[in-house]
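Residue numbers (the numbering used here), protein chains in the order written: chain A, 115 to 505; chain B, 115 to 505; chain C, 115 to 505; chain D, 115 to 505.
So this is what it looks like as structure tokens:
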């Protein structure tokens, strides 16, 4: 409960400060018998690594992962999986000038007041470097989901006002990794990259939207009433640095429609007239509903299809077998390379110089983090669902 | 963890189906020594009661509350507070025609598949009647917050496309209860009411946005890294029926600004040039940033002010002393008074007749529910913050 | 965490004071599809009911149970099961003379200091009447265990110095209910009853030992490292009023043997020379090891047998397929019918008169409580064990 | 919940196998502002270290502790404290002969069946080497308790049949560390040592009893009803390897007395005739009640004294201000240096050779482990007690 654990049956506890000895975590509750694909885990980590392209921070970190327990001869044993990444970039330089300064829209002030002390080197615990642990655990969660053919895919849908205005089912998500901004539409990707380059030159930052799509989730994940599937997904996403908003399915755009337009009609087993066009998809709006035109998911007698998917794959808080999808809004990060006025711990006005190595836009690197947190939620509910019924 | 508990130190566990014997809950962890204002608790319950106006469902329920434990001579004893509301409206009518039918965008199908059985009478556990327990617990949470002068106020900000386009600090929130739609701006309220009346005649439903504003929260609430204050608030809101989105502070609108525009500049103790106009407030957008022009909150040496409040009162996941505010998006509820095509449990196509007593727009009645859930989150963190420091 | 919940996947939260409106609880996490045998549940409740014989308190309580939710047409639905028993015996008499007095070895003083307030009527929350909720939940847990052929049986092994000096496998546990003291050996039972009658005449009380035996538990229950099966069993037992000690298998008597004597030798599949006589069984000692001579439990290829069962069916914190058994020590309850010196809330010396209706020996009524708590532990681990392995 | 976390507000999660890369843990919830005495923490670790005397195992381990996070400039920051000890003794030798063998009364068989896989090198996760993490966390917990003047002291009370037959208040507990067996009575200590030497020569093992005494705990720790202080203490102790029993205060010996003899009479503020002689202390019994003759603890108006302390400092599950004390029974450990018959994973009979480096008696090294677990429980309740009352 003190805030550094996530999940119940598949539980991640993380530790580490930006410039401390290491970042890492413990996964408790990983079922025994999972073969760990170490290359995959390291590859996931590399997706969030700084310095991976010219539009991300140039901080060099190798992020070499070490597993300390819970895996024997490459297989999980059911005991806790501990892991860490050393902070190689720990320079003996003097951070003491930051000690008393509160940067605007950072956690400096709030940590100081909450705890009476903070590790001010590079943001300490509030640094997004902490997400290393999430990505490692998320990678392991993905390996479990893979056994059930469940996929978790995210992509950059919007950067500033540059928006990919297509439904996910109209996109080839395998192309997300084909460019440095992680947008599966090449043309939009290039626009985003150009825009981020401009922002970088200004020493400024920009936010955007990441969409996450989860396919092949079985019917029945999510727990009424407080632990609805999307409540946990939202909780997971809102715990990521710089996230300001979350919406499931048709989300905020639901407001623009009537119930008769929004309801997702079930298709009888004898018909399949899914049009692939959702009513809301004709609107020019950021967060409109997405449709699963393909409907190729229905695999068992348990599953039915709905004509539209405004529900985002979740009804009554429980997955219904359609793709689960949601949007996550990231603000522009607070660290800018411009002069700013602020205060110090004595309430005196100061001027902050913008310098160092930072991300003009965190979204490309946040894509694997969104996926990781979503995977943690899904695995937790997948395990929990084993106890839904007596037999 | 099975989903019917919320909170850690101030923990609510709820029970009850729409047409079962009763709805209720247990609050475990309420500190001893709180005087219960029973009239206030019942009044909160009346705010969510059906049949309170012609724009809500006409289901008649008295919602008479009984406390069973944990309160002695009007004061909390530190032991669990159990309470219940009997379901007076239990009619011996035959619901069996609903047994096999899956209503679109309801929980019928998912409950059936998850559990293999469901109480189909009036939606069973998935009915919003369950929120009675939340409102009761929230009322007690509010009484605790009141001791610290913390207020939690919600209002209807948007119904369909009718939007109250003002910052909360430009509004007199005490007027929220002055009209049946719970919008503090009388002119907008009348438009909303007229629109809901139209929708009702159509037998249709409409969604909207509720904004919640929490004032006077002390600096330091929220737990890094997973239990950020807004992560828990979002989790709480997304667990309410029909909620599809959550955004803190400038939320999704953050995307439209650069970091240099979004950062909330701290004001030094010698200056107070808060303009009351946030950069984002010039935009015509649903979810724009709100500004706390008044800044009358700073009460102690612990507190500082920021010129704008795009952060929504939370930085690094921890309250910074500025007002906490967020928007909650509700879809139009799924129950409409129109004919709809659907399927039954055998996958056969059926036609559903729209009949009964339902809400064309749940937002007015959801206002106290949003407040209740927010109050639960705040009390939990308020108690937890007592352990932040050694002394 | 505030203390009134027990279990994780099968979680009971209880409420109620001795002379408040009701005693009850909520079970969250009961799997769907369990047929509730209401007669069995009520029968379990009757086993703990006061006034059931002349050696228990004569307080008359009908303990009529009402289920409020979670059961539909006699079957559990997977939603929370709430239940309550009204306190019929609430007399409008004046308890105010107890308000300021602290009874020796009761919870009066500690509750007052912890909370600053207490419901002093009949002990309030500290009354053993609270165990009603445990017995109800335990009965439902037993119904689940029954589906797996797992039995949980307790009996009174010792009252004062009168001890049943036999291993459980030498006893016919079906005879436990054949006498009012719940000791399966008729001769010893009669001695115990006579002794309790003597104690009752003296206005005094006496303690003893209850032994609990769990048969047919599958191999694999219990979680390393902190949630060892016996750690949770001990935790469960020590939360019962008046319990002062817990020991698994050979328990405290293990001290009297060497490792070479205590080790439970596995029997190979080709041999079965289990003697039925444990080394420790030749000792005249309260808490000696028990042997499972019968060894009829081995049902699947998963199970092996051990020659002795000093381990009490648990090795490394995990059930090994042999019977799990443990002893629970109850002190003589503090409420005696004699004059006692004590103090009041001002620290002044007072004299307490012994009067009212109380149990000279709680053990017979504690038998179903011990079983109930053990059943809660076993069901929790049974559900949790479904997530041990990937497949 | 998967079993490797302990505590709620001060929560330890541990990891590591005996011959894996490292043993360690994360403490989440340690309040900010605690100065870490690193020498003290290392010293505690040295108390449990193997090879510290000729009566313990000769396995050489330096147990060098590294902190990875949560401490800045020697002070806790409120963020998670991660730490690890590398397993220096990892030899590249072949353990594969153990792979298929099940040692009697070890966890080999149960781990294999539960998980379908186990790290068989040196017992893997079931090795007591895991307690390193407990001792580190316990040391930090002790530093917090020290700020409140609360002490946690354990000592070896019995080895085999050699028993220290004195109440703790008759002993000088500062002498516990003066001999290698950790018994504060020098004469008894020498007898114990001689006995362990004999057992060692036999290649056998022996168990015993550790008593733990907690002084200066404030009134009010412990949570009704399931989380009684002694229920949590028992839970903590029973999670230690080889522990078979737990008893609070007069424990199992309570059975030998009547309620009128066992009740702990409160002393009025005007009298202090505490005799220092508890009725039960005249009995020659292993687990008799202890008396706190000194009664020097009463420090504030909150505290009262009782004439005897059969309750073990806890009434109604809540500390009453008197010393909390309890006994923990350890069986002789299963690893003996003698030939034993057993089975392998195919159910075939095998003969195990006794060889290697092992403890003839673990009690001396278990003393700091008992203290550590007790300290964790006490700190958790100490923090939790801050939320008992509204103000």
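No residue lacks a Cβ here, since even glycine has one placed at the ideal position from N, Cα and C.
Same chain, Cβ closer than 7 Å to residue 199 of chain D, neighbours up to 5 away in sequence not counted
What you label residue 199 of chain D is simply residue 85 of the fourth chain in a count that begins at 1. The beta carbon of residue 199 of chain D lies closer than 7 Å to those of 136, 137, 138, 177, 178, 179 and 246 in the same chain, with the five residues before and after it left out.
Measuring CB to CB, does residue 258 of chain D end up less than 9 Å from residue 146 of chain A?
As a first step, residue 258 of chain D must be located in the fourth chain, where it is residue number 144. As a first step, residue 146 of chain A must be located in the first chain, where it is residue number 32. In this structure, residue 146 of chain A does not lie closer than 9 Å to residue 258 of chain D by Cβ.
Please report the residue range of the beta strand (DSSP E) in which residue 268 of chain B lies.
Within the second chain, residue 268 of chain B is the residue found at index 154, counting from 1. Element bounds for residue 268 of chain B: 265-273.
CA-to-CA distance, residue 477 of chain D to residue 168 of chain D, given in whole angstroms:
For the purposes of this step, residue 168 of chain D is taken as the residue at position 54 of the fourth chain. For the purposes of this step, residue 477 of chain D is taken as the residue at position 363 of the fourth chain. Take the alpha-carbon of residue 168 of chain D and the one of residue 477 of chain D: they are about 14 Å apart.
Can you tell me the Cβ-Cβ gap for residue 468 of chain B and residue 450 of chain B, rounded? I've got them flagged as a contact below 8 Å.
Counting from 1 along the second chain, the entry for residue 468 of chain B is found at position 354. Counting from 1 along the second chain, the entry for residue 450 of chain B is found at position 336. So it is a contact: roughly 5 Å between Cβ atoms.
Which term fits residue 223 of chain D, buried or exposed, when burial requires 16 or more other beta carbons within 10 angstroms of its beta carbon?
Indexing the fourth chain from 1 puts residue 223 of chain D at position 109. By the 16-neighbour rule on beta-carbons within 10 angstroms, residue 223 of chain D is buried.
Which stretch, first to last residue, makes up the beta strand (DSSP E) that contains residue 346 of chain D?
One-based indexing of the fourth chain puts residue 346 of chain D at position 232. For residue 346 of chain D, there is no enclosing beta strand (DSSP E); the residue is found in the alpha helix (DSSP H) stretching over 343-352.
Runs of 3 residues minimum, wholly inside the segment 293-365 of chain B: which ones carry the beta strand (DSSP E) assignment?
Every beta strand (DSSP E) of 3 residues or more that sits fully in the segment 293-365 of chain B is shown, in chain order, as 322-329 and 357-362.
Closer than 9 Å, Cβ to any Cβ of chain C: which residues of the segment 116-138 of chain B, in chain order?
Sequence-ordered contacts of the segment 116-138 of chain B with chain C read 116, 117, 118, 119, 122, 123, 124, 125, 127, 128, 129, 130, 131, 134, 135, 136, 137 and 138 [C-beta pairs closer than 9 Å].
Looking at chain D, is there any beta carbon in it that lies within less than 9 Å of the beta carbon of residue 280 of chain B?
For the purposes of this step, residue 280 of chain B is taken as the residue at position 166 of the second chain. Residue-level contact by beta carbon fails for residue 280 of chain B and chain D, as no gap is shorter than 9 Å.
Buried or exposed by the 16-neighbour rule on C-beta atoms within 10 Å, applied to residue 375 of chain A
In the first chain, residue 375 of chain A corresponds to position 261, counting from 1. Looking at its Cβ environment, which holds 16 or more other Cβ atoms inside 10 Å, residue 375 of chain A is buried.
How about residue 122 of chain C and residue 498 of chain C: do their beta carbons lie closer than 9 Å?
In the third chain, residue 122 of chain C corresponds to position 8, counting from 1. In the third chain, residue 498 of chain C corresponds to position 384, counting from 1. The Cβ atoms of residue 122 of chain C and residue 498 of chain C sit closer than 9 Å to each other.
Alpha-carbon to alpha-carbon, residue 308 of chain B and residue 448 of chain B:
Within the second chain, numbered from 1, the residue matching residue 448 of chain B stands at position 334. Within the second chain, numbered from 1, the residue matching residue 308 of chain B stands at position 194. Straight-line spacing of the CA atoms in residue 448 of chain B and residue 308 of chain B works out to 21 Å.
Closer than 9 Å to chain D by CB, residue 500 of chain B:
Walking along the second chain from the start, residue 500 of chain B turns up at place 386. Residue 500 of chain B belongs to the set of residues whose beta carbon lies under 9 Å from a beta carbon in chain D.
For chain B, is any of its Cβ atoms less than 9 Å away from the one on residue 245 of chain C?
Within the third chain, the letter at position 131 stands for residue 245 of chain C. Cβ-Cβ to chain B under 9 Å: no for residue 245 of chain C.
Euclidean distance between Cα positions of residue 159 of chain D and residue 482 of chain D
Taking the first residue of the fourth chain as 1, we reach residue 159 of chain D at position 45. Taking the first residue of the fourth chain as 1, we reach residue 482 of chain D at position 368. Rounded to whole angstroms, residue 159 of chain D to residue 482 of chain D spans 8 Å at the Cα level.
If we cut at 9 Å on Cβ distances, does residue 345 of chain B have a partner in chain A?
By one-based count along the second chain, residue 345 of chain B stands at place 231. It does; some Cβ of chain A falls within 9 Å.
Along the chain, where does the alpha helix (DSSP H) that runs through residue 456 of chain A open and close?
Within the first chain, the letter at position 342 stands for residue 456 of chain A. Taken as a continuous stretch (DSSP letters only), residue 456 of chain A belongs to no alpha helix (DSSP H), being part of the beta strand (DSSP E) at 454-458.
With a threshold of 9 Å between beta carbons, is residue 229 of chain D in contact with chain C?
Sequence index remark: in the fourth chain, residue 229 of chain D carries index 115 (1-based). Taking 9 Å as the CB threshold, residue 229 of chain D lines the interface with chain C.
Assign residue 428 of chain C to one of three DSSP states: helix, strand, or coil.
The count along the third chain starts at 1 and reaches residue 428 of chain C at position 314. Of the three classes helix, strand and coil, the one that applies to residue 428 of chain C here is strand, per DSSP.
Return the chain-ordered ranges of every beta strand (DSSP E) run that is complete within the segment 179-248 of chain D and spans a minimum of 3 residues.
Complete beta strand (DSSP E) runs here, min 3: 179-181 and 195-200.
For residue 440 of chain A versus residue 351 of chain A, is the C-beta spacing smaller than 9 Å?
What you label residue 440 of chain A is simply residue 326 of the first chain in a count that begins at 1. What you label residue 351 of chain A is simply residue 237 of the first chain in a count that begins at 1. In terms of Cβ geometry, residue 440 of chain A and residue 351 of chain A form a close pair [threshold 9 Å].
Any beta-carbon of chain A closer than 9 Å to the one on residue 187 of chain C?
Translated into positions along the third chain, residue 187 of chain C becomes position 73. No - not a single Cβ of chain A is within 9 Å of the one on residue 187 of chain C.
Under 9 Å, do residue 239 of chain B and residue 183 of chain C count as touching if we go by C-beta distance?
The residue you call residue 239 of chain B lines up with position 125 of the second chain. The residue you call residue 183 of chain C lines up with position 69 of the third chain. Taking 9 Å as the Cβ cut-off, residue 239 of chain B and residue 183 of chain C qualify as a contacting pair.
In three-state DSSP terms, what is residue 252 of chain A?
One-based indexing of the first chain puts residue 252 of chain A at position 138. DSSP places residue 252 of chain A in helix when its eight states are reduced to three.
Could you tell me how far apart the beta carbons of residue 373 of chain B and residue 473 of chain A are, in whole angstroms, since I believe they sit closer than 8 Å?
Start at 1 with the first residue of the second chain, and residue 373 of chain B comes out as number 259. Start at 1 with the first residue of the first chain, and residue 473 of chain A comes out as number 359. In fact, because the Cβ distance is near 10 Å, the residues do not count as touching under 8 Å.
Grab me the residues of residue 314 of chain B's own chain with a C-beta within less than 6 Å of its C-beta, minus the 5 sequence neighbours each way, in chain order.
By one-based count along the second chain, residue 314 of chain B stands at place 200. The answer, listed in chain order, is 474.
C-beta neighbour in chain B for residue 241 of chain C, strict 9 Å
Position 127 of the third chain holds residue 241 of chain C. It does not: the Cβ of residue 241 of chain C has no partner Cβ on chain B nearer than 9 Å.
What number of angstroms, rounded off, separates the C-alpha of residue 430 of chain C from the C-alpha of residue 225 of chain D?
Within the third chain, residue 430 of chain C is the residue found at index 316, counting from 1. Within the fourth chain, residue 225 of chain D is the residue found at index 111, counting from 1. Their backbone Cα atoms lie some 8 Å apart in a straight line.
Excluding the 5 residues preceding and the 5 following residue 329 of chain B in the sequence, name in chain order all residues of the same chain whose CB lies nearer than 6 Å to its CB.
What you label residue 329 of chain B is simply residue 215 of the second chain in a count that begins at 1. Only 265 and 437 meet the Cβ criterion.
Would residue 140 of chain D and residue 196 of chain D be called neighbours here (beta carbons separated by less than 9 Å)?
For the purposes of this step, residue 140 of chain D is identified with residue 26 of the fourth chain, where counting begins at 1. For the purposes of this step, residue 196 of chain D is identified with residue 82 of the fourth chain, where counting begins at 1. Taking 9 Å as the Cβ cut-off, residue 140 of chain D and residue 196 of chain D qualify as a contacting pair.
Kindly say whether residue 402 of chain D, judged by its beta-carbon, lies nearer than 9 Å to any beta-carbon of chain C.
Along the fourth chain, read from residue 1 onward, the residue named residue 402 of chain D stands at position 288. The pLDDT assigned to residue 402 of chain D is 36, lower than 50, so where the model puts this residue is not dependable, and the model offers no usable value.
On the DSSP bridge assignment, give the partners of residue 149 of chain A in chain order.
Position 35 of the first chain, counted from the first residue, corresponds to residue 149 of chain A. The partner list for residue 149 of chain A (beta bridge, DSSP) reads A:189.
Comparing alpha-carbon positions, which option in B:380, B:435 and B:316 lies nearest residue 452 of chain B?
Indexing the second chain from 1 puts residue 452 of chain B at position 338. Cα-wise, what sits closest to residue 452 of chain B is B:316.
Report yes if the C-beta of residue 147 of chain C is less than 8 Å from at least one heavy atom of the ligand ZN; otherwise report no.
The model depicted lacks the ligand ZN and carries no ligand whatsoever.
Could you give the distance in angstroms between the alpha-carbon of residue 302 of chain C and the alpha-carbon of residue 142 of chain D?
Numbered from 1 along the third chain, position 188 holds the residue referred to as residue 302 of chain C. Numbered from 1 along the fourth chain, position 28 holds the residue referred to as residue 142 of chain D. Each residue's Cα considered, the two are about 52 Å apart.
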